[in-house]
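Residue numbers (our numbering), protein chains in the order written: chain D, 1 to 385; chain Z, 1001 to 1256. Even glycine gets a Cβ: it sits at the ideal position worked out from N, Cα and C. Computed from a predicted model, the values in this text were never measured in an experiment. For reference, the structure discussed in these notes is given below.
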Ligand code: SF4
Ligand code: SF4
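Rendered as structure tokens:
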């Protein structure tokens, strides 16, 4: 199966060339960052994590969302997801890979990374995050590959794979929960100090990830002979709808607690994000855009006619995706660090090299995703033919 | 470390059994790993703390900051985003953000407060560090940093509710003119903070900032010793700590 990604259409070569070019630029920027120091980024003493860690949170969500196809298929025997589970699993593989790369490029001393394993620190959530991410990556590679090989040979997957598949379900939940724990449990950071952080993360993951999967399915259907199936896509659309509603609901729970209690240390972060604080508020337009997109998309998705129209469905999914990307990719991190524990406002915005490194990591992820999807789609086309 | 301690216990045990204490102890000294200080010289204490007497502290004075930053090769970077700070000045409303109010005594409102790492009893920075590069010394409660082990993940910076940690966004050596050869300089990509002058305590000296303060506004001592100067002050005067409600147990006390 490994030879599949080598051959393809002109468009395929063009896409891969573009990705590799982006990776190249990203690598150069990363080497520059290594040489000069993390001062090349927009991060600071006050906002000590930025877009890299934000992407980590976002992509952990994408990875965790694979469970939304695996669970109905294997636990509830929802056959329609049969063709799409592999897409979910491979999406998880590339997302986790990107997560790890984002941790790597964020370290001040990346080549000391092994210290995490040499001096395992059981009370550090970061240790557990690395552990569960690695485990999840391994699980999805093994599960995806074994089931796909079996499908190609036209045989049933070996029996030992079943327990691994069941294990991958709680594991998916764990990766996002542990990632939420990185934040929820730090004293003096009011925006993050909330028990609903993990559920909120999961809800947004289960909306954003399947939305991405729908978009990818629509693209695959357009460009290849493989059809993930209308029924499967419609089921995913329902999942996206419910999860998006729950996500907004959770957000309002948070807003209620914070603003009804009136504790400044908790309110000020929200104020900063949505209204600005002490004259600072670069994220304001983004946060409102995220809110509005979520609302409009939910309205669209609730209407059956819209959901059944694949063009509109695709549009709604793009809106959900962007909305969640802004919330997690920008809001969560900056919102937590601003104002700082001494109640001073230092704003953050990424620099150009930082953005190119981010794009580079995404390009690596998309390269891996394309290769994996190419294999999967080729096998599916073959089996069907 | 561990093995040498075990060796010591074994040898000490032998000597108790009366197998000629003198030669055994001699062999211990010879086997000696590099010794930085002998116990006699080191300051003795099991719970170091500091009292900052704001009645004595002079607004315009920066003696403690200069002494600390010189002694520890802390670079001077003129960009608030990239600064390295071990001990610095902060307004009351920023040092004590939850205790500020409109009718604060005028003196407090304009007086700069000395802030530094609180060497917390229950330090969140230690709890989150994935490599144990940040650790708390059991014997005296000093929260230390191993610059060689730190991977620069900056989790500790997110965890410290006092903004006491700085990260080397650039190579700090580029910002140092003359360096103190007795203390290491750091490299880019690691976190650093006040170490309560652990290197001085080991040779029987008090922290640099305390020594440098001519007004005697900074007092250093052992909280476990009821006769210590810090205990005496805390007994007699009203003191506050930064964000006590978070349960970190800061060991820097302010009398105001
Ligand atoms: S003040 Fe901050 S850096 Fe110092 S021990 Fe407490 S939590 Fe750690
Ligand atoms: S930056 Fe260094 S000291 Fe801080 S948590 Fe990470 S490894 Fe530990």
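Check                                                                                                                                                                        : Outcome
Using only CA atoms, which one of 136(D), 111(D), 223(D) lies nearest to residue 12(D)?                                                                                      : 223(D)
Taking 8 Å as the cut-off, does the stretch 48-65 of chain D touch the stretch 326-337 of chain D (at least 3 CB pairs, one atom from each stretch)?                         : yes
Can you give me, in chain order, the residues of the stretch 118-137 of chain D that have a beta carbon less than 7 Å from any beta carbon in chain Z?                       : 119, 121, 123, 124, 125, 126, 127
Specify the secondary structure class of residue 1088(Z) as computed by DSSP and reduced to three states.                                                                    : strand
Identify whether residue 266(D) lies in helix, strand or coil by the three-state DSSP scheme.                                                                                : helix
DSSP three-state label for residue 1100(Z), please.                                                                                                                          : coil
From 1221(Z), 1163(Z), 1135(Z), pick the residue whose C-alpha is nearest to that of residue 1046(Z); which is it?                                                           : 1221(Z)
Using a Cβ-Cβ cut-off of less than 8 Å, list which residues of the stretch 278-289 of chain D approach chain Z; keep chain order.                                            : none
Skipping 5 residues on each side, what residues in its chain have a beta carbon closer than 8 Å to that of residue 116(D)?                                                   : 126, 127, 130
Just the C-alpha distance for residue 1069(Z) and residue 1180(Z), rounded to the nearest angstrom, thanks.                                                                  : 10 Å
Rounded to the nearest angstrom, what separates residue 1063(Z) and residue 1210(Z) at their Cα positions?                                                                   : 10 Å
Taking the alpha-carbon of residue 1111(Z) as reference, which of 1127(Z), 1094(Z), 1124(Z) has the nearest alpha-carbon?                                                    : 1094(Z)
For residue 1172(Z), which residues from the same chain have a beta carbon less than 6 Å from its beta carbon, with the 5 sequence-adjacent residues on both sides left out? : 1075, 1186
Going by Cα to Cα distance, which pick from 6(D), 337(D), 57(D), 114(D) is closest to residue 204(D)?                                                                        : 57(D)
Counting along the chain, where does the beta strand (DSSP E) carrying residue 352(D) start and finish?                                                                      : Not the beta strand (DSSP E): residue 352(D) falls in the alpha helix (DSSP H), residues 352-384.
Residues of chain Z with a CB under 8 Å from the CB of residue 186(D): which are they?                                                                                       : 1124, 1128, 1158, 1159, 1161
Quick check on this structure: which residue in 122(D), 317(D), 52(D), 120(D) has the alpha carbon closest to the alpha carbon of residue 206(D)?                            : 317(D)
Among 1141(Z), 1117(Z), 1099(Z), 1106(Z), which has the Cα closest to the Cα of residue 264(D)?                                                                              : 1099(Z)
Consult DSSP for residue 1164(Z) and reduce its assignment to one of helix, strand or coil.                                                                                  : coil
Near ligand 1, which residues have their beta-carbon less than 6 Å from any of its heavy atoms, given in chain order?                                                        : 1117(Z), 1118(Z), 1119(Z), 1120(Z), 1123(Z), 1124(Z), 1125(Z), 1143(Z), 1160(Z), 1162(Z), 1164(Z), 1165(Z), 1193(Z), 1248(Z)
List, in chain order, every chain D residue whose beta-carbon is nearer than 8 Å to that of residue 1132(Z).                                                                 : 119, 121
Start and end of the alpha helix (DSSP H) containing residue 106(D)?                                                                                                         : 85-106
When Cβ atoms are compared, which residues of the stretch 32-51 of chain D fall closer than 7 Å to chain Z?                                                                  : 36, 37, 38, 39, 44, 45, 48, 49
Between residue 273(D) and chain Z, is there a C-beta pair that is closer than 7 Å?                                                                                          : no
Strictly below 8 Å CB to CB, what residues from chain D border residue 1246(Z)?                                                                                              : 187, 188
Excluding sequence positions up to five away, which residues of its chain have a Cβ less than 6 Å from the Cβ of residue 1224(Z)?                                            : 1046, 1047
Tell me whether residue 176(D) is buried or exposed, calling it buried when 16 or more other Cβ atoms sit within 10 Å of its Cβ.                                             : buried
At a Cβ threshold of 7 Å, is residue 266(D) touching chain Z?                                                                                                                : no
So which residues on chain D does residue 1095(Z) lean against when the C-beta distance must stay under 8 Å?                                                                 : 342
Can you give the beta carbon distance from residue 39(D) to residue 1147(Z), rounded, assuming they're within the 8 Å contact cut?                                           : So it is not a contact: roughly 18 Å between Cβ atoms.
What does residue 116(D) touch in chain Z if you count any residue whose Cβ is under 8 Å from its own?                                                                       : 1130, 1131, 1151
Counting pairs of beta carbons, one from the stretch 359-369 of chain D and one from the stretch 67-86 of chain D, are three or more of them closer than 8 Å?                : no
Can you pull the chain D neighbours of residue 1167(Z), defined as C-beta to C-beta under 8 Å?                                                                               : 38, 45, 48, 108
In chain Z, which residues lie with their C-beta within 7 Å of the C-beta of residue 112(D)?                                                                                 : 1151
Return the CA-CA distance between residue 1140(Z) and residue 1071(Z), expressed in angstroms with no decimal places.                                                        : 22 Å
Can you tell me the Cα-Cα spacing of residue 1057(Z) and residue 1104(Z), whole angstroms?                                                                                   : 18 Å
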